[in-house]
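In what follows, a structure is listed as structure tokens, so that the remarks can point back to it.
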Amino acid sequence: MTRAPGRLFTGAPVAVIDIGSNSVRLVVYEALSRALTPIFNEKALCGLGREVLSTGRLPQDAVDRALAALKRFRALCDAMEVGEVHALATAAARDAENGPAFIAECEAICGRKIELLTGKREAELAAAGVVAGVHAPDGIVGDLGGGSLELVDVKGRAIGTGVTLPLGGLALQDRSSRSPRKAEKIVRETIPEAEVLGALAGRTFYAVGGTWRALARLHMYTKGYPLHVMHGYVIPAREALDFTRIVHRADAEALAHIDVVSDARRPLLAYGALVLENIVRQGRPSEVVISALGVREGLLHSLMPEEERVRDPLLIAAAEMNVLRSRSPRHGEELVAWTDGFFASAPVLEEAEDEKRLRRAACLLADVSWRAHPDYRGEQSLNMIAHAAFAGIDHPGRAYVALSVYFRHMGLNTDESDTRILELLTTGMLDRARILGAVMRVAYVLSAAMPGILPQMPLQVRGDQLVLSVPRKVVSLVNDRVYNRLRQLARLIGREPLLEQGD
Numbered sequence: 001m002t003r004a005p006g007r008l009f010t011g012a013p014v015a016v017i018d019i020g021s022n023s024v025r026l027v028v029y030e031a032l033s034r035a036l037t038p039i040f041n042e043k044a045l046c047g048l049g050r051e052v053l054s055t056g057r058l059p060q061d062a063v064d065r066a067l068a069a070l071k072r073f074r075a076l077c078d079a080m081e082v083g084e085v086h087a088l089a090t091a092a093a094r095d096a097e098n099g100p101a102f103i104a105e106c107e108a109i110c111g112r113k114i115e116l117l118t119g120k121r122e123a124e125l126a127a128a129g130v131v132a133g134v135h136a137p138d139g140i141v142g143d144l145g146g147g148s149l150e151l152v153d154v155k156g157r158a159i160g161t162g163v164t165l166p167l168g169g170l171a172l173q174d175r176s177s178r179s180p181r182k183a184e185k186i187v188r189e190t191i192p193e194a195e196v197l198g199a200l201a202g203r204t205f206y207a208v209g210g211t212w213r214a215l216a217r218l219h220m221y222t223k224g225y226p227l228h229v230m231h232g233y234v235i236p237a238r239e240a241l242d243f244t245r246i247v248h249r250a251d252a253e254a255l256a257h258i259d260v261v262s263d264a265r266r267p268l269l270a271y272g273a274l275v276l277e278n279i280v281r282q283g284r285p286s287e288v289v290i291s292a293l294g295v296r297e298g299l300l301h302s303l304m305p306e307e308e309r310v311r312d313p314l315l316i317a318a319a320e321m322n323v324l325r326s327r328s329p330r331h332g333e334e335l336v337a338w339t340d341g342f343f344a345s346a347p348v349l350e351e352a353e354d355e356k357r358l359r360r361a362a363c364l365l366a367d368v369s370w371r372a373h374p375d376y377r378g379e380q381s382l383n384m385i386a387h388a389a390f391a392g393i394d395h396p397g398r399a400y401v402a403l404s405v406y407f408r409h410m411g412l413n414t415d416e417s418d419t420r421i422l423e424l425l426t427t428g429m430l431d432r433a434r435i436l437g438a439v440m441r442v443a444y445v446l447s448a449a450m451p452g453i454l455p456q457m458p459l460q461v462r463g464d465q466l467v468l469s470v471p472r473k474v475v476s477l478v479n480d481r482v483y484n485r486l487r488q489l490a491r492l493i494g495r496e497p498l499l500e501q502g503d
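At position 121 of the sequence shown (counting the first as 1) the number is 121 in full-length UniProt numbering, and the numbers step up by one without a gap.
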């Protein structure tokens, strides 16, 4: 394969083939990394699980579609020179009478062993996906597939024992003979069996799976939400109850913005809404958070060495983008250290640990749009960062990092920015973003984005002064423009600017 300048080559691409009860999917990642970056993602909605509970068998037409998809996936993996292909199958293949024969055909096509996940194993991998993609998770993970619902407790990096319930969308559709009333009775009788939900009160419910993502997308567009990124999308529990009740009792085609959900997903929306409503009602979480990372990412996460799993995926992804798009990646790293010193010197700007990691990510991303026209560097940075495929960051964090870099390019006013994204920030976060933008404005006019300069010129708060120390040998780098930006920053933090010349 010819190496592309826009790709990192830290190892061969790695792929996961996921043979689910509703969809069969191939995802190819750039490499096995803590910051997994998909370079190809395709699914075929085959409906393998649609009749398993009533007939005990995988439908032949669904089997044929799945096998055809797998032949294409095998050819794509060969063309993309994938190093490792991991294949797994879930509830439908696990429960069907003809499941073993189907798996054998799949293995012959894929040329490798397919792991047939138990319900417990599927729950644990879904939780590992949330651990991989959410910063410091604390709650219950629910993975809703076509055939089953897996539930498991997660706190930090600790994963509990998973349970599985036959409440997948296709399974419910089959068991209820497409009767909403029967489906509601089944769900209400089954959900209380999940003792793990007793530990959900006041915590977060992490929703994994295509049907719940489709439901959240519908909610997002109904609300006119300003950021169309699914991972990390939050629905308060009370609102989740109201919205799911509307969806499962209404004709999906009549819902506003239903066009944002694919035709193939719409029939299962009501069943997914019914399950989520009853989970929220019984478990009483504080909020529902959508995780775009699940079983596939959890599988790869589990294959990494321990020292890789404990790393911060946001900072790794920001560092990778810094390498790929900045004028000087080393300057970005120096900017992190330079701002470390500045914020540590100012007690009034004391940072929590999460604020510190967001600030460091912003420093690494501060120069990624330098090739754009100067008038649009801020706008391009804001869009690129806010919509990037980052893990380990919530939506307010995205807005904070994106606006910090926007301010670095465009000045500290919000008049010309995408003001809708401001809705995601508290007043305090917006103030910190403006201060960080001002700090970066000093750094870039001083250094021209070149390495080796910032380490010589520490920026510190001393009492009521903001001091930029300038060694004699580089004093020619300082002019009125540098001083004006220093004065602008000083005004923001209530200090007097001082240029201090040293030896």
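All residues carry an ideal CB built from backbone N, CA and C; glycine is no exception.
Residue i, buried or exposed, once every other Cβ within 10 Å from all chains shown has been counted against 16
i, result
"Pro192", "exposed"
"Asn479", "exposed"
"Met1", "For Met1, the predicted structure reports a pLDDT of 49, less than 50, and the residue's modelled location is therefore unreliable. The matter cannot be settled from this model."
"Ser21", "buried"
"Ala455", "For the record, residue 455 in the displayed sequence is Pro; it is not Ala. Its Cβ having fewer than 16 others within 10 Å, Pro455 is exposed."
"Tyr376", "exposed"
"Gln501", "exposed"
"Leu365", "buried"
"Val154", "buried"
"Asn278", "buried"
"Glu105", "exposed"
"Ala352", "exposed"
"Glu51", "buried"
"Ser176", "buried"
"Asp354", "exposed"
"Leu204", "Position check: residue 204 holds Thr in this sequence, whereas Leu was assumed. With 16 or more Cβ atoms within 10 Å of its Cβ, Thr204 is classed as buried."
"Gly156", "exposed"
"Ser54", "exposed"
"Arg481", "exposed"
"Thr90", "buried"
Unbroken beta strand (DSSP E) run spanning residue i, endpoints
i, result
"Lys43", "38–45"
"His331", "It is not in any beta strand (DSSP E) - His331 instead sits in the alpha helix (DSSP H) that spans 329–344."
"Gly99", "Where Gly99 is concerned, there is no enclosing beta strand (DSSP E), although the alpha helix (DSSP H) it sits in stretches over 99–110."
"Ile114", "114–116"
"Gly502", "496–502"
For residue i, the nearest candidate out of the options (CA to CA)
i, options, result
"Thr211", "Ala96, Ala62, Leu274, Tyr221", "Leu274"
"Pro396", "Cys46, Leu32, His135, Asp312", "His135"
"Gly209", "Ala237, Leu293, Gly162, Ala490", "Leu293"
"Arg74", "Ala93, Pro59, Cys110, Thr55", "Cys110"
"Gly272", "Leu197, Ala318, Leu149, Arg112", "Leu149"
"Arg217", "Phe40, Leu255, Arg203", "Leu255"
"Glu124", "Pro100, Lys113, Ala158", "Ala158"
"Arg311", "Leu349, Gly133, Arg175", "Gly133"
"Pro267", "Leu151, Ala252, Leu8, Tyr444", "Ala252"
"Glu297", "Ile316, Leu412, Pro38", "Pro38"
"Gly6", "Arg25, Glu30, Leu26, Arg398", "Glu30"
"Gly47", "Ala93, Ala108, Val82", "Ala93"
"Leu241", "Gly224, Leu215, Tyr225, Tyr221", "Leu215"
"Arg249", "Leu269, Glu239, Ile393, Gly437", "Leu269"
"Ile235", "Tyr206, Arg112, Leu117", "Tyr206"
Identity of the residues DSSP links to residue i by a beta bridge
i, result
"Tyr86", "Contrary to the premise, residue 86 reads as His rather than Tyr in this sequence. Bridge partners of His86: Val16."
"Leu149", "Leu144, Leu165"
"Val289", "Tyr206, Val234"
"Thr307", "One point to set straight first is that residue 307 is Glu, not Thr, in the sequence displayed. Beta-bridge pairing links Glu307 to no other residue."
"Asp138", "Lys155"
"Gln465", "Arg462, Glu496"
"Leu26", "Ile17, Glu42"
"Pro471", "Gly502"
Residue interval of the alpha helix (DSSP H) (run including residue i)
i, result
"Gln380", "377–386"
"Ser447", "427–447"
"Tyr271", "266–283"
"residue 580", "Given a span of 1 to 503 for the chain in the structure shown, any question on residue 580 remains unanswerable."
"Asn322", "313–325"
"Thr55", "52–55"
"Glu122", "119–133"
"Leu67", "60–79"
"Met410", "395–410"
"Arg34", "Run containing Arg34: none; DSSP gives neither H nor E here."
Cβ-heavy atom distance, residue i to the ligand GDP, below 8 Å
i, result
"Gly56", "Annotation note on the ligand GDP: not contained in the displayed structure, which lists no ligands."
message: Check whether the stretch 121–136 and the stretch 254–270 are in contact - that is, three or more C-beta pairs closer than 8 Å.
response: no
query: If you pair each beta-carbon of the stretch 221–238 with each one of the stretch 176–184, do three or more pairs fall below 8 Å?
result: no
field: Three CB pairs or more closer than 8 Å across the stretch 307–321 and the stretch 141–156
entry: no
- prompt: Is it true that the stretch 333–340 meets the stretch 369–384, where meeting means three or more beta-carbon pairs spaced less than 8 Å apart?
  reply: no
- prompt: Does the stretch 299–316 touch the stretch 138–147, meaning 3 or more C-beta pairs lie closer than 8 Å?
  reply: no
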